[in-house]
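Worksheet: one structure, shown below.
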Amino acid sequence: MEGCSLLPKGILKNCRDYGGDMDLRKRRSSIWLPGCEDLYIRQAVVLIEDAMNYRSINHHMDSRSLQLYRWYYSRTCQWFLNAVIAIILGLAFIERPSSLSETSDLRYKQGSWEAPCGMTEGIEMLCILIFALDLAVKVHLIGGEEFWKCKWLMGYMVVITISLIDWMVSLRICCDEYNVRIRRLFRPFFLLQNSSLMKKSLKCIKRTLPEMMSVILIITIHLCIFTVFGMLLFASGEESEESKERELYFSNVPQSLLSLVVLLTTANNPDVMTPAYSANRGYSIFFILFSGFGTFFLFNLLTAVIYNRFRGYLLLSIQTSILRRKMGIRAAFELLSCQAPALRLSDDDITECVPVKTFVRVLKLVEMDSYYRQAIMKKALRLYSGHIEREAFQKLFNEPDVDRIKEHPPPPVYSSAILQRLQRVLGGLLFIVMGKALALANVICICTILIIDSHKTFSQLDDYYLESINCFFIVCYTLEMLLKVIILGWRGYLSYGSNVFDGLLTVLLLGLQISILAIYRLPFPNWSPAMKGLLPLREMARLVNMLIVFRFLRVIFSIKLTALVASTVVDLVKNLRAFAGILVVVFYIFAVIGMWLFKGVIVAPANNSSSMKRSNASLLVQCGTYEQLGYWPNNFDDFASALVLLYNVMVVNNWQVFLDVYSRHTSEWSKIYFIVWWLISSVMWVNLFVALILENFIYKWDRNHGSLVLDVDSMDLEATVELMFRERIPEPTEEEVVDRLHNNPHLHLNLSQNGQHFS
């Protein structure tokens, strides 16, 4: 079996020697070498799997390599690898300094839990060894020649090597304080290299940067011009509001520039304008012109440039993925067509085809969504009588690009006249409307009681009425669930996602209600039980109320437009996680760098020296400072706190407070770190993510309104990134597919195209 290669050179050439008198069937069947049929089937299976997952087919195709390849790309193996990546990234939360404390507030933070010496190092070494094994498997599958062409795999090897060296250095100093761990900075690379879409997105972002720089240059010029105008406009003079403006915001060039940068984000508006505006209302024109042109024009222009250029580069990148699919399907067809007798159309023309039986046999072995497998099989068996031609073979695999219509099982047929009548009465729209009205009534009751109780003290609160109302509605929810099961049957009930959502919450609510009644018995008015069980009555009632409100979200999927918006959000979570993954990488890197630069520079008031306490006392009075606002939980003393602080800067509300406090405790150069983070996260990434949300929503809107199916709940419009841009990408030409297959080092195909043969 190991001697069977994938379509060895010369075989197809002999089988397409059309000039001889050899019988056509005999000539075609001779291509399949004796004893190699199973290998050819496995090769075709792998090629189709590569095509469906947009993977490269540049890998070894012998029997052992195929077995290893399918095992490596199995769901179990990939889930395990993703889990290892999550573990090594999550080590930052428990490594010193640990994030496992109740609060991050410097005033109240006690000693956090620290992992035993060697625990995190041992876990990290195990992860690194798994990554090394992962690299070895990849190199074995694609071959050494392809490895040296792949920059990502070479970078993978370099990162593993650096991580091992740095791990040995930290091991040598045992558990002594070692803040700067170089390998922490490289951990996000493991996440990047494991996602092809993340690598494509990163490449597109890199190509988009030059176009972004042109708009950022205009913004910089805009800032510089208004900085000069501001310093000239608010010149020092007699004691007045104008002099306060200069003293607070325009005393020197760095401070003026920083004030206007913050004003671009509107974080200090109208504070920065108020002193001058108090002196003369005409000064407002300066700030309105600056914000109007910079914030509302240039920033939106930057969003348009990012969206347009990134989208263009992403189209080119996805076009490569489409080409990979075409190559895999074409290679699988060439392999399977060798088993079939070619169909003679004329004396000079021969049409290659694949037997339907062989195709069905291969498709059963392919790892893919069962829905699409059945759809492809049905189409092949229905439309093609015995054989499938090349173009038809390729069109069969367009089924995953078609809207997925979810078919629900038929309702059960009952012999009982009572159950039949119940099905007819409750199977209509009225029963559905009543269920939603019941959920709305429950939420209204909860809101009403919360409004009434908002003016009461804690001792005056009485949960009797709310508990009684919840008990009534939960019984109604349970009855509704049972009636739906009777109407639709178990399989029909579970085939609706909204029913599964309702059912799980109803069972959970029923369990909580039974627990309340079992622990506290039947409460009566003015009854105030002592704490019993795991939670007091009031806490359990709160949990019940939150679940009831959460259950009300099912109403969203009943309205077509809101269902469209909700499904867009779900698609963003499922299919655009690669873009969010890059943001996670950037967060991780900046958090690590922030801990290196700023860990421990802000000291809690209780630990201050006497001079620092006097300084903090004055800052507590000064409005808008870190100390006066009580921003003590926002710091770089551990990884979790660093992530939250970076998020707060990304939101840009009051982000000037962090620039001020860290410049006071370190140096003015610290502001560069925060400004760079703001540019990357808020200016570039948030704008890019907004553009992708728009693209996803427009795609879903167009497909939803262009579909013949009106029932939103019966449709599952999957919006993968490839599907969103598929209609805008031209199909790869036959010459391009043939040329790429011919240059594949692991395939030995002699392909025909337009009467020509390539060997």
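Residue 522 in this note's numbering sits at position 259 of the sequence shown; the count goes up by one each step and never skips.
Glycine residues also receive a C-beta, built at the ideal position from the N, C-alpha and C atoms.
If you drop the 5 nearest sequence neighbours on each side, which residues of the same chain put their C-beta closer than 7 Å to that of E630?
In the sequence shown, residue 630 corresponds to position 367, counting from 1. E312, listed in sequence order.
For M324, which option in Y317, R318 and Y332 has the closest C-alpha, if you only look at C-alpha atoms?
Looking up residue 324 in the sequence shown gives position 61. It is Y332 whose Cα lies nearest to the Cα of M324.
Would you check if the distance between the CB atom of I581 and the CB atom of F622 is smaller than 7 Å?
Residue numbering aside, residue 581 sits at position 318 when the sequence shown is read from its first letter. Residue numbering aside, residue 622 sits at position 359 when the sequence shown is read from its first letter. Not a contact, by the Cβ cut-off of 7 Å.
With a CB to CB cut of under 8 Å and the five nearest residues on each side skipped, what residues in its chain are close to G752?
Counting from 1 along the sequence shown, the entry for residue 752 is found at position 489. The residues are P672, P674 and P675.
Identify whether P618 lies in helix, strand or coil by the three-state DSSP scheme.
Against the sequence shown, residue 618 aligns to sequence position 355. Strand at P618.
Closest to F899 by CA distance: which of I481, V912 and K719 is it?
Here residue 899 refers to the residue found at position 636 of the sequence shown. Of the candidates I481, V912 and K719, the one whose C-alpha sits nearest the C-alpha of F899 is V912.
Where in the stretch 642–712 do unbroken runs of the alpha helix (DSSP H), each at least 4 residues long, occur, reported from the N-terminal end onward?
Complete alpha helix (DSSP H) runs here, min 4: 653–659 and 680–689.
Going by Cα to Cα distance, which pick from V914, N916, K934 and I592 is closest to D923?
Residue numbering aside, residue 923 sits at position 660 when the sequence shown is read from its first letter. Among V914, N916, K934 and I592, the Cα nearest to that of D923 is on K934.
Please state whether DSSP places G887 in a helix, a strand or coil.
Counting from 1 along the sequence shown, the entry for residue 887 is found at position 624. Of the three classes helix, strand and coil, the one that applies to G887 here is coil, per DSSP.
Taking the alpha-carbon positions, what's the I304 to F394 distance?
Indexing the sequence shown from 1 puts residue 304 at position 41. Indexing the sequence shown from 1 puts residue 394 at position 131. Taking the straight line from one Cα to the other gives about 31 Å.
Please identify the residue among V847, S337 and V1001 whose C-alpha is closest to the C-alpha of G353.
Counting from one through the sequence shown, the residue named residue 353 turns up at place 90. When only C-alpha atoms are compared, the closest one is V847.
Return helix, strand or coil for N532, following the three-state DSSP convention.
Here the question's residue 532 lines up with position 269 in the sequence shown. If DSSP states are grouped into helix, strand and coil, N532 belongs with coil.
Determine the DSSP secondary structure at D397, reduced to helix, strand or coil.
On the sequence shown, position 134 is the one that residue 397 refers to. D397: helix per DSSP, three-state reduction.
So, using beta-carbon positions, are I482 and L389 closer together than 7 Å?
The residue you call residue 482 lines up with position 219 of the sequence shown. The residue you call residue 389 lines up with position 126 of the sequence shown. No, Cβ-Cβ distance for I482 and L389 is not below 7 Å.
Per DSSP, what kind of secondary structure is G236 in: helix, strand or coil?
Residue 236 lies beyond the range of the chain shown here (264 to 1022); nothing can be said about it.
Decide if the stretch 511–522 is in contact with the stretch 489–499; the criterion is three or more beta carbon pairs, one per stretch, under 8 Å apart.
The answer is yes - the stretch 489–499 touches the stretch 511–522, with three or more Cβ pairs under 8 Å.
Nearest chain D C-beta to Y647 closer than 7 Å, yes or no?
Within the model displayed, chain D is absent; a lone protein chain is all it includes.
How many whole angstroms separate the CB atoms of I585 and F453, which I take to be in contact at a CB cut-off of 8 Å?
In the sequence shown, the residue the question calls residue 585 occupies position 322. In the sequence shown, the residue the question calls residue 453 occupies position 190. Between F453 and I585 the Cβ distance is about 28 Å, and since that is not below 8 Å, they are no contact.
Could you tell me whether the stretch 544–559 touches the stretch 947–959, where touching means 3 or more Cβ pairs closer than 8 Å?
Because the criterion of three Cβ pairs below 8 Å is not met, the stretch 544–559 and the stretch 947–959 do not touch.
Any idea if C710 is buried or exposed, counting beta-carbon neighbours within 10 angstroms, 16 or more meaning buried?
On the sequence shown, residue 710 is found 447 positions in, with the first residue counted as 1. Classification of C710: exposed, given that the 10 Å Cβ count is below 16.
Are there 16 or more other CB atoms within 10 angstroms of the CB of W918, so buried, or fewer, so exposed?
Working through the sequence shown from its first residue, we reach residue 918 at position 655. When all chains shown are included, W918 counts as buried.
So L599 and V625 are supposed to be a Cβ contact under 8 Å. How far apart are they, rounded?
If you number the sequence shown from 1, residue 599 lands on position 336. If you number the sequence shown from 1, residue 625 lands on position 362. With 8 Å as the limit, L599 and V625 qualify as a contact, their Cβ atoms being about 7 Å apart.
Less than 8 Å between the CB atoms is what I'm expecting for S464 and F861, so what's the real figure, rounded?
Looking up residue 464 in the sequence shown gives position 201. Looking up residue 861 in the sequence shown gives position 598. Actually they are not in contact, since the Cβ atoms of S464 and F861 sit about 30 Å apart, beyond 8 Å.
Please state the DSSP three-state secondary structure of L369.
Start at 1 with the first residue of the sequence shown, and residue 369 comes out as number 106. Note: L369 maps to coil in three-state DSSP.
A982 to I956, Cα distance in whole Å?
Taking the first residue of the sequence shown as position 1, residue 982 is located at position 719. Taking the first residue of the sequence shown as position 1, residue 956 is located at position 693. With a pLDDT of only 47 at A982, under 50, the local geometry of the prediction cannot be trusted, and the value read off the model is given with reservation. For A982 and I956, the distance between alpha carbons rounds to 11 Å.
Just how far apart, CA to CA, sit Y728 and L816?
If you number the sequence shown from 1, residue 728 lands on position 465. If you number the sequence shown from 1, residue 816 lands on position 553. Between Y728 and L816, the C-alpha separation is close to 24 Å.
Any idea what DSSP makes of K719, helix, strand or coil?
What you label residue 719 is simply residue 456 of the sequence shown in a count that begins at 1. DSSP places K719 in coil when its eight states are reduced to three.
Using three-state DSSP, classify P538 as helix, strand or coil.
In the sequence shown, counting from the first residue as 1, residue 538 sits at position 275. If DSSP states are grouped into helix, strand and coil, P538 belongs with the helices.
Given a threshold of 16 other Cβ atoms within 10 Å of its Cβ, counted over all protein chains shown, does L703 qualify as buried or as exposed?
Translated into the one-based positions of the sequence shown, residue 703 becomes position 440. It counts as exposed.
Below 8 Å on the Cβ atoms is my contact criterion, and I expect R444 with D429 to pass it. Report the Cβ-Cβ distance as a whole number of Å.
By one-based count along the sequence shown, residue 444 stands at place 181. By one-based count along the sequence shown, residue 429 stands at place 166. At roughly 6 Å, the Cβ-Cβ gap stays under 8 Å, so R444 and D429 are in contact.
For K463, which of helix, strand or coil comes out of DSSP?
Position 200 of the sequence shown holds residue 463. Here K463 sits in helix by DSSP.
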